[in-house]
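All remarks here apply to the structure that follows.
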Ligand code: G6P
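Given below as structure tokens:
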């Protein structure tokens with residue numbers, strides 16, 4: 002097998018089955034984020050094909066070498082659904098749902114992380130670069146360094162990193178930090194996440210930190226410096242703008258508008274069906290505005306796209322039940338034969354359809370209770386080539402650090418959320434234009450290429466530094 006200079010290691014491969022035995026690029030943030038870089042570098046991508054017990058040989062897909070990692074049905078349950086999505090996910094999102102700490106899940110997490118590390122070690126060229134992605138694989142950097150000290154290793158954390166008071170609940174809090182500190186660069190979404198990580202390292206190991214550098218002593222070698230810093234992720238912004246310029250997409254946006262009852266206002270929510278997204282808070286605020294007669298079902302519709310996610314994890318099943326009950330209640334109370342208050346769609350859609358929806362929506366509601374970044378907020382701005390539309394953005398989403406011209410909201414404060422929705426609906430075209438232009442500039446200037454370039458540049462700089470140190 003040819004060896005790759007750049008290897009990405011992520012829980013999932015960037016492809017899905019297309020229904021006819023072939024593969025197609027899967028939708029979703031991470032994939033869109035890294036695909037362009039990988040194609041340019043003719044790299045390899047190590048990941049799980051998304052189905053239990055699937056044993057596949059490495060194969061090429063659109064210029065990228067894909068290296069599938071097999072997970073048994075047990076491992077999917079213990080490592081993916083269990084430790085990744087029922088322990089780490091809720092803990093790192095500030096325990097919005099209660100994390101469960103189960104030793105058999107941890108054991109499977111260690112085992113599976115080792116398998117990913119071994120697959121990456123086998124495919125990476127001598128002196129190459131490996132870029133590990135996200136919370137499912139926090140142990141991979143140290144495992145990989147132990148096996149292949151010649152590699153330069155980066156890790157990017159796509160979700161929040163919690164404050165020490167919460168992080169310290171984790172029974173394996175030391176092991177996880179040791180895993181991450183195996184990287185040369187540990188990237189986070191927000192400055193606050195990098196700060197929480199550095200504080201946890203200081204509290205548990207008493208290592209010194211200076212600016213973004215963490216001084217990690219080695220038993221048999223000089224100390225290493227690990228860079229822990231914010232690299233806010235983005236989207237392929239120009240491609241969203243390109244889609245929005247297509248006449249058939251604009252026609253589809255008009256069709257969506259007229260299908261929803263013509264001149265009324267459209268509010269839009271687009272999320273994976275996840276308890277971190279604040280979907281209930283959004284529906285509650287909207288429902289109260291209808292109850293109070295401040296909004297009327299004839300004049301306004303909330304379209305909520307909630308794409309199915311992690312459907313075998315209890316907390317997700319419960320959330321689905323709660324949301325569907327709430328939607329049905331609001332609709333039951335307020336619908337007329339001609340108008341529906343909430344159009345709830347438990348489905349995923351192709352990117353073109355999403356852009357048409359973005360173009361059709363007067364107000365985009367991003368009310369996450371905690372979110373690493375939230376790329377939907379960026380997609381909305383990138384798509385609004387007409388400089389219209391209002392973005393309501395939770396201060397608990399990473400995107401809030403950059404998108405200062407959104408209407409900022411604390412989604413826990415239902416009254417404030419209601420006022421913000423009313424303000425968004427009433428906003429003049431001139432103010433919409435002023436705000437949207439600023440948002441678009443931010444997103445177009447800081448796109449996913451800029452993100453991956455800055456991360457990979459930081460990694461290359463670390464390598465140059467350590468090579469310099471070796472020569473001394
Ligand atoms: C978040 C995570 C990703 C994950 C995605 C979808 O964005 O940061 O690592 O891939 O959710 O979740 P799933 O469990 O379906 O991979």
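Numbering (this note's numbering), first residue to last: 2 to 473.
The beta carbon of each residue, even a glycine, is placed where N, CA and C say it ideally should be.
Query	Result
Check whether the Cβ of residue 373 lies closer than 8 Å to any heavy atom of ligand 1, and answer yes or no.	yes
Looking at the secondary structure, which residues open and close the alpha helix (DSSP H) in which residue 142 lies?	141-148
If you check the beta carbons only, do residue 77 and residue 46 fall under 9 Å apart?	no
Measure the alpha-carbon distance for residue 72 versus residue 122 and round it to whole angstroms.	18 Å
For the putative contact between residue 161 and residue 94, defined by C-beta atoms under 8 Å, what is the C-beta separation to the nearest angstrom?	6 Å
Do residue 165 and residue 197 have their CB atoms nearer than 9 Å?	yes
Would you be able to state if there are at least three C-beta pairs under 8 Å between the region 110-118 and the region 143-150?	yes
Given this structure, state the Cα-to-Cα distance separating residue 83 from residue 314, to the nearest angstrom.	8 Å
Can the beta-carbon of residue 14 be found less than 9 Å from the beta-carbon of residue 27?	yes
If I'm right that residue 388 touches residue 437 with Cβ under 8 Å, what's the distance once you round it to whole angstroms?	5 Å
With a threshold of 8 Å (Cβ to nearest heavy atom), would residue 159 be considered close to ligand 1?	yes
Count the other CB atoms within 10 Å of the CB of residue 216; is the residue buried (16 or more) or exposed (fewer)?	exposed
Please tell me whether, using a cut-off of 8 Å, the distance from the CB of residue 86 to the nearest non-hydrogen atom of ligand 1 is below it.	yes
May I ask you to check if the CB of residue 110 is nearer than 8 Å to at least one heavy atom of ligand 1?	no
Hey, quick one: how far does the alpha helix (DSSP H) through residue 327 stretch, first residue to last?	315-335
If you compare alpha carbons, which of 153, 247, 103 and 256 is closest to residue 126?	153
With a threshold of 8 Å, establish whether the CB of residue 311 neighbours any heavy atom of ligand 1.	yes
Count the CB pairs spanning the region 408-422 and the region 354-363 that are closer than 8 Å, and state whether there are at least three.	no
In this structure, how does DSSP classify residue 234 when only helix, strand and coil are distinguished?	coil
Could you tell me the boundaries of the beta strand (DSSP E) in which residue 272 lies?	266-273
Tell me, which residues are paired with residue 366 by DSSP?	393
Is any non-hydrogen atom of ligand 3 found closer than 8 Å to the C-beta of residue 108, if you look at the structure I gave you?	With respect to ligand 3, the structure offers nothing, as its ligand set consists of ligand 1.
Identify the continuous beta strand (DSSP E) that holds residue 248 and give its terminal residues.	Segment 248-260 is the alpha helix (DSSP H) holding residue 248; no beta strand (DSSP E) there.
Which parts of the region 418-448 are runs of the alpha helix (DSSP H), unbroken and 4 residues or longer, counting only runs that do not cross its ends?	430-446
Taking only three categories from DSSP, how would you classify residue 24?	strand
Assuming residue 49 and residue 86 are in contact, meaning their beta carbons sit under 8 Å apart, how far apart are those beta carbons, in whole angstroms?	No, residue 49 and residue 86 are not in contact; Cβ-Cβ is about 13 Å, not under 8 Å.
Comparing the C-beta of residue 60 with each C-beta of chain C, is any distance below 9 Å?	As a matter of chain content, chain C is missing from the structure shown, which is built from one protein chain.
Shorter than 8 Å, the distance from the beta carbon of residue 134 to the closest heavy atom of ligand 1, or not?	yes
If contacts are defined as beta-carbon pairs under 8 Å, then residue 175 and residue 205 qualify, I think. What distance do you get, rounded to the angstrom?	6 Å
Please confirm whether residue 391 and residue 418 have their CB atoms less than 9 Å apart.	no
Going along the chain, which residues of its own chain have a beta-carbon closer than 6 Å to the beta-carbon of residue 158, five neighbours each way excluded?	189
Could you round the C-beta distance between residue 151 and residue 460 to whole angstroms and report it? I think they count as a contact, below 8 Å.	Not really, about 14 Å apart at Cβ, beyond 8 Å.
Kindly give me the distance between the Cβ atoms of residue 382 and residue 449, rounded to whole angstroms, as I take these residues to be in contact under 8 Å.	Contact flag wrong, Cβ pair sits at about 14 Å.
Given a threshold of 16 other Cβ atoms within 10 Å of its Cβ, counted over all protein chains shown, does residue 40 qualify as buried or as exposed?	exposed
Less than 8 Å between the CB of residue 12 and some heavy atom of ligand 1, yes or no?	yes
Go ahead and label residue 21 buried or exposed: buried means 16 or more other beta carbons lie within 10 angstroms of its beta carbon, across all protein chains shown.	exposed
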